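What follows is a set of notes on a single structure, which appears directly below.
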Amino acid sequence: MSFNLFVIQALNGLQLGVLLFLMAAGLTLVFGIMNFVNLAHGSMYMMGAFIAAALYNYTGSFWLAAVLLAPIMMALGMVLDRIALSRLYDRDHLDQVLATFGLILFFNELARMLWGPSPVYMEVPEALGGAVQFFGIRYPAYRLLVLAAGLLVALGCYLLVHHTRLGMLLRAGATHRDMVGALGVNIRLLNALLFGLGAVLAGVAGLLAGPVMSVQVGMGEPILILTMVVIVIGGIGSIRGAFYASLIVGVVDTLGRTLLPALLRGLMERSSADIAGPAIASMMIYILMAVVLALRPQGLFPVQRG
Amino acid sequence: MTHASSLHAARRRWPLARWVAGIVLALCVVLPVYALATGHAFMLALMTRIVVLAIAAVALNLVLGFGGMVSFGHALFLGLGVYSAAIPAFHGLDNGLLHLLIALAACGLTGLATGAVALRTQGIAFIMITLAFAQMFYFVFVSLSPYGGDDGLRLAAGSRLAGLTLTQPGVLYAVALVVLFAALYGTRRLVAARFGMVLRGARINERRMLALGFPTFRYRLAAYVISAMLCGVAGVLYANLTQFAAPSYMSWAMSGELIVMVVLGGMGSIMGPLYGAAAMLLTEEALKSITDHWMIIFGPAIVAVAVASRRGIAGLLAGPAGAGTAATAAPSPAPPDAAPGNDARPADARSTAQPAPARLEVSGLVKRYGGLLATDNLSLELETGSIHAVIGPNGAGKSTLIGQLSGEIEPDAGRIVLDGRDITRLPVHTRSLLGLMRSYQITSILPEFTVLENVLLAVQARQGHSFRFWQPVAQQPQLRDPALAALREVGLDAHAHTPAGVLAHGQQRQLELAMVLAGEPRVLLLDEPMAGMSQAESQQMTALLSRLRKRYALLLVEHDMEAVFSLADRISVLVYGRCIASASPAEIRRSPEVQSAYLGDEA
Chain F
0 MSFNLFVIQA LNGLQLGVLL FLMAAGLTLV FGIMNFVNLA HGSMYMMGAF
50 IAAALYNYTG SFWLAAVLLA PIMMALGMVL DRIALSRLYD RDHLDQVLAT
100 FGLILFFNEL ARMLWGPSPV YMEVPEALGG AVQFFGIRYP AYRLLVLAAG
150 LLVALGCYLL VHHTRLGMLL RAGATHRDMV GALGVNIRLL NALLFGLGAV
200 LAGVAGLLAG PVMSVQVGMG EPILILTMVV IVIGGIGSIR GAFYASLIVG
250 VVDTLGRTLL PALLRGLMER SSADIAGPAI ASMMIYILMA VVLALRPQGL
300 FPVQRG
Chain S
0 MTHASSLHAA RRRWPLARWV AGIVLALCVV LPVYALATGH AFMLALMTRI
50 VVLAIAAVAL NLVLGFGGMV SFGHALFLGL GVYSAAIPAF HGLDNGLLHL
100 LIALAACGLT GLATGAVALR TQGIAFIMIT LAFAQMFYFV FVSLSPYGGD
150 DGLRLAAGSR LAGLTLTQPG VLYAVALVVL FAALYGTRRL VAARFGMVLR
200 GARINERRML ALGFPTFRYR LAAYVISAML CGVAGVLYAN LTQFAAPSYM
250 SWAMSGELIV MVVLGGMGSI MGPLYGAAAM LLTEEALKSI TDHWMIIFGP
300 AIVAVAVASR RGIAGLLAGP AGAGTAATAA PSPAPPDAAP GNDARPADAR
350 STAQPAPARL EVSGLVKRYG GLLATDNLSL ELETGSIHAV IGPNGAGKST
400 LIGQLSGEIE PDAGRIVLDG RDITRLPVHT RSLLGLMRSY QITSILPEFT
450 VLENVLLAVQ ARQGHSFRFW QPVAQQPQLR DPALAALREV GLDAHAHTPA
500 GVLAHGQQRQ LELAMVLAGE PRVLLLDEPM AGMSQAESQQ MTALLSRLRK
550 RYALLLVEHD MEAVFSLADR ISVLVYGRCI ASASPAEIRR SPEVQSAYLG
600 DEA
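Encoded structure:
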C-alpha cells in the first residue's frame, strides 16, 4: 500500500462522506423535528439520479440538468408529503415504517417501468473529464467537484439552519414543536418545505453520484441504510452530528475496504485473508455504530433539549 | 351483570373470530391433503410458503405486537436459519437435528448480542439499528465467497429428520404445520403467563412497570432472543422449501414483508401472523397473475393499510374497536366464582400482614437544572406510623423531590438512606423491591389491562421470578388472592374485570394506589393522590390514607389543604426547592413565614 493510494482512498472516503451528508442532513431533520421515520428518503436519491440522467441525456448539459433537477425534486418531496406522509405525522413509528416501506416498493417499480431494469449510465461532464495533479497524485477532477459541492451544500445548510429565519423556526420546531405552532407559524407548510428540502438534497446526492456509481433500480436502499448508521452515530436530529458522522463513516468504510484485506494478508494465510478481509471490512461501520451506542446511546452530538 | 348474561355477551362478541380461526386452521390441514392427492404441486408449495413465513411472523409478532419493539431486521434470523441448513449440507452434513441446533444457537447468540445493543435505545433509533445489523450480516454473507457470496448457495441435501427428508413436499408441509401450531399455542400460553404480562405491560407503560420493580430491559431482551430462535427454525424450513440460500433472504425487503404480515394480520393477536402471511402471499400471487409490475399496486396497497387501520384482519374479526383488548391480546381471565360485589368481607379482615417498619432519611439533597435550584439542601425523615406531608406553591420542587426519592431523577448531592442502607444511586426497580413505591401526579396505570391484571402485575413484581412462560397468571392463587385483597382495600373489587382505561378518573387513582399497595411497600410516596377528584372521592381517599398510616411510612404531596391538615403528623413547606418550615400542622398554620409564601408576600 503506497502513500499515494492511501491519500486517494482517503479522498474517496471523504467523497462518500459528503454524499452521505447530503442524505443525512434532510433525513436527520425529519427524524429530529417531526419524529418521523422516512424510509422513502433513499427513493428520493434514486429518483434524483434517474431524473438527472434523463435530463442530462435530453439536454446534453450536466449543469442545466442540475438546475432543472432542484425544483422537480422540491415538488416531488412536497407532493409526497401532502398525499401520503402528512397523514402519518401523528401516528406511531410502525405505521410510518410500513407506509414508507410501501413507497420504496412503489418507487423501485416505477423506476423499473420508466427506465428499465438495467443500469443507466451517466457520463462525467466533459469539462471535468480530466484528472488533477497535486503532490504527485492524479485524482479525477469530477470527484473533486463532488467533494467541493458537498462541502458547499454543508456550509449552505449550516447558514440556513443557524442564520436564517426559516432555520430558527426549524430549530425551534425541533425542540418545542407545539409551541412554535401555538405562536402562529404554519407548521404544515414548514413540514412540507422540510420534506421538499430533504428531497432536493437527496436528489443532488443522486445527481453527483450518477457519473461515479451506476444509476439503477434499488440504488437508494444501501445508501439509506448507511445514512441511518450515520444518523445514529451523529445523534438523531443533529446537523452537526450528521456532518462529522458522515465523514467518519465514509472514510472508515472506504479505508476499511482497501486497507483491511491488505493488513490481514500480512497476518494470516492469503486464502483465508481474502475471505475474512472483505467480510470484516463490511462489518466495520456497524461495529463502530455498536461501540458508539454502547458508550453514548444518544450519539456523538446529541441535540440539546429542554 | 349476572353470570349467565356475561357468558351470553362473551358468546356474542366472539363467534366470528373463533369460527374463522377454526376454519383457517382446518383448511391448513385439509387443503394440502387435497393438493397432494390431486397433484397440485404449486398449491402445496404456496401453502408451505405461507405456513413457513407465518412461523417467522409469529416470531416477529412476539416482539413487535406484544413487546412493542419495531424490529426492522428480523429477516436476519430467517436468513441465519436458512444458512444453518445450507452450509452444513454443503459440507455433507444433512442431519436435520444438527441444522436445527445450529440455527437455534446462531440465532440465539446473534439475537442476544444485537438485542443487547439495540435495546439500549428506543423508537426511531431501535428501528434503524435493527435494520443496520441485518444489513451488516447481509454484507458478510455477500462477501463469503466460498458459500456462493452474492449468487447464493444451492441446498446440497435436504435436512433429514427421523428417516424423512424435509425437501419432500408433503413431509416439509407436515413438519412446518406442526411447528406453526406449536408456535401459535406457545404464544397463547406465553402472553398470558407471567413473562408475557410483563412484556405487554412494558409496551403499554414502561415507566409504571419500572416503578413496580420490573427490570424491563431483561424481559425485552429475552423476548427478542426467543423470537430470533423461532425465526431461525422457520429459516431451516425455508431453506428446504426453496432448496437455496442467498443473502437476499436477510435483506431489508424481507424484513419489511414480515412486518407487513404482522400488521396486516393484526398486531398482538395470536392468529394474526397466520392471517397476515396468507393474505399477503395470496395477494402477491393474485397481483403477479395480472401484471409483472405488480409492486406498483402492492406498494401503495401497503401505504393504504398503514394509513387506514392498525388492527388488521384479526382486529376486524374481533368486532368494533373497544370490544376489549383482551379479545385480541390474550384469553381474558375467567370471572371469579362469587360475584365480587356481594363479597361483603370487612376491609380489615384482609390477608395483608403488617409490613416491617421502615425509616427513610434524606439529608442535604440538591438538584439543579441549569441555574434553577429545584431542590436546595433538603433534609427530611419518614417513619412507619406517621404521615409526612410536603406542601408548597406550584414549581416548589415537590414532584422533583419524589422523583429523586423513587430513583427516576438523580440528585446532584445528598444522601437517601433506607433503614441504614444508602440507596441514593440505586435504580428505580431495585428501590421498588426494597419497599419504596410511588404513585404519580398524573395517573400511571396500564389502561389496556383489566383492573385485576393491573394489580396482578404489582403482586408479581413483589414475588420476583417472573420469567415463567407457561402458566396463565389469572389461574395462580398466589397472585390472585393478594391482588383481590388490594382491590378490596381501595374499594375497587367490583370492577376487577373492567378494562382499567374505562374507569372514572377517581377510580383510576384508586387503582394506582391499589397497585402500589399490592407491591407490599414499606415506604409510600404519594404525589397528589387527590388531584382531580370530586369532594366525595377525596373524602374516601382521606379515610383510606388515615387507615394506611399505621402500616407504612407515608410521604404525601398534596394541594388539598383540608386533607393535608387532617392527615399529616408533620408538614414541610417547600418554596423554590428550599424547606422554609417543618413542624406539626398546628405550628405550620400559625407560621407567618408560611403565610407569606402562600399569600405571595414576597415584595
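One line per chain: the protein sequences are F and S, in this order. If you're matching positions, the first sequence starts at 0 in numbering that gives the first Met the number 0 and goes up one per residue. If you're matching positions, the second sequence starts at 0 in numbering that gives the first Met the number 0 and goes up one per residue. Even glycine gets a Cβ: it sits at the ideal position worked out from N, Cα and C. Values in this document were obtained by computation on a predicted structure and should not be read as measured data.
Distance CB(residue i)-CB(residue j) smaller than 8 Å
| i | j | result |
| --- | --- | --- |
| residue 249/F | residue 19/F | yes |
| residue 205/F | residue 298/S | no |
| residue 53/F | residue 226/F | no |
| residue 226/S | residue 15/S | no |
| residue 451/S | residue 482/S | yes |
| residue 250/S | residue 277/F | no |
| residue 140/F | residue 130/F | yes |
| residue 145/S | residue 274/F | yes |
| residue 206/S | residue 65/S | no |
| residue 274/S | residue 77/S | no |
| residue 290/F | residue 207/F | no |
| residue 117/S | residue 109/S | no |
| residue 403/S | residue 442/S | no |
| residue 295/S | residue 109/F | yes |
| residue 223/S | residue 47/S | no |
| residue 427/S | residue 201/S | no |
| residue 244/S | residue 473/S | no |
Inter-residue spacing [alpha-carbon to alpha-carbon] between residue i and residue j
| i | j | result |
| --- | --- | --- |
| residue 49/F | residue 124/F | 16 Å |
| residue 287/S | residue 230/F | 37 Å |
| residue 35/S | residue 238/S | 21 Å |
| residue 181/S | residue 519/S | 37 Å |
| residue 111/S | residue 567/S | 50 Å |
| residue 200/F | residue 37/S | 57 Å |
| residue 191/S | residue 412/S | 43 Å |
| residue 22/S | residue 33/S | 16 Å |
| residue 338/S | residue 82/S | Per-residue confidence for residue 338/S stands at a pLDDT of 37, beneath the threshold of 50, marking its modelled position as unreliable; the derived number appears in the next sentence. Those two C-alpha atoms are separated by around 56 Å. |
| residue 42/F | residue 170/F | 26 Å |
| residue 180/F | residue 391/S | 33 Å |
| residue 7/F | residue 257/F | 11 Å |
| residue 28/F | residue 237/F | 7 Å |
| residue 294/F | residue 13/F | 25 Å |
| residue 270/F | residue 260/F | 11 Å |
| residue 196/S | residue 466/S | 10 Å |
| residue 299/F | residue 120/S | 14 Å |
Residue span of the alpha helix (DSSP H) that contains residue i, given as start and end
| i | result |
| --- | --- |
| residue 375/S | Counting along the chain, residue 375/S falls outside any alpha helix (DSSP H), though it belongs to the beta strand (DSSP E) covering 371-382. |
| residue 205/S | 205-211 |
| residue 397/S | 397-405 |
| residue 288/S | 271-289 |
| residue 281/F | 269-294 |
| residue 81/S | 74-89 |
Per DSSP, cross-strand counterpart(s) of residue i
| i | result |
| --- | --- |
| residue 119/F | 214/F |
| residue 436/S | 523/S |
| residue 362/S | 414/S |
| residue 132/F | 137/F |
Cross-chain neighbours of residue i in chain C, by beta carbon under 7 Å
| i | result |
| --- | --- |
| residue 126/S | You won't find chain C in this structure, because its protein chains are F and S. |
Residue range of the beta strand (DSSP E) that includes residue i
| i | result |
| --- | --- |
| residue 139/F | 136-139 |
| residue 552/S | 552-556 |
| residue 581/S | 577-582 |
Contact test: residue i Cβ vs the ligand SAM heavy atom, cutoff 7 Å
| i | result |
| --- | --- |
| residue 219/F | Absence of the ligand SAM is noted for the structure shown, with no ligands found whatsoever. |
Count Cβ pairs between the stretch 518-538 of chain S and the stretch 487-501 of chain S that sit closer than 8 Å; are there 3 or more? no
Pair every Cβ in the stretch 30-42 of chain F with every Cβ in the stretch 81-99 of chain F, then say whether three or more of these pairs are closer than 8 Å. yes
Taking contact to mean at least 3 C-beta pairs separated by less than 8 Å, is the stretch 118-136 of chain F in contact with the stretch 207-224 of chain F? yes
Counting beta carbon pairs with one atom in the stretch 303-316 of chain S and one in the stretch 255-263 of chain S, are three or more of them shorter than 8 Å? yes
Would you check if the stretch 266-273 of chain S and the stretch 90-104 of chain S touch, i.e. whether three or more CB-CB distances between them fall below 8 Å? no
Specify whether the stretch 544-560 of chain S and the stretch 458-473 of chain S touch according to this definition: at least 3 beta carbon pairs, one from each stretch, less than 8 Å apart. no
Flag this pair as touching only if the stretch 356-373 of chain S and the stretch 408-426 of chain S have three or more C-beta atom pairs under 8 Å; answer yes or no. yes
Taking three-plus beta-carbon pairs below 8 Å as touching, is the stretch 218-237 of chain S in contact with the stretch 53-67 of chain S? yes
Pairs of beta-carbons, one from the stretch 68-75 of chain S and one from the stretch 123-140 of chain S, closer than 8 Å: are there three or more? yes
Contact between the stretch 149-162 of chain S and the stretch 88-102 of chain S (3+ Cβ pairs under 8 Å): yes
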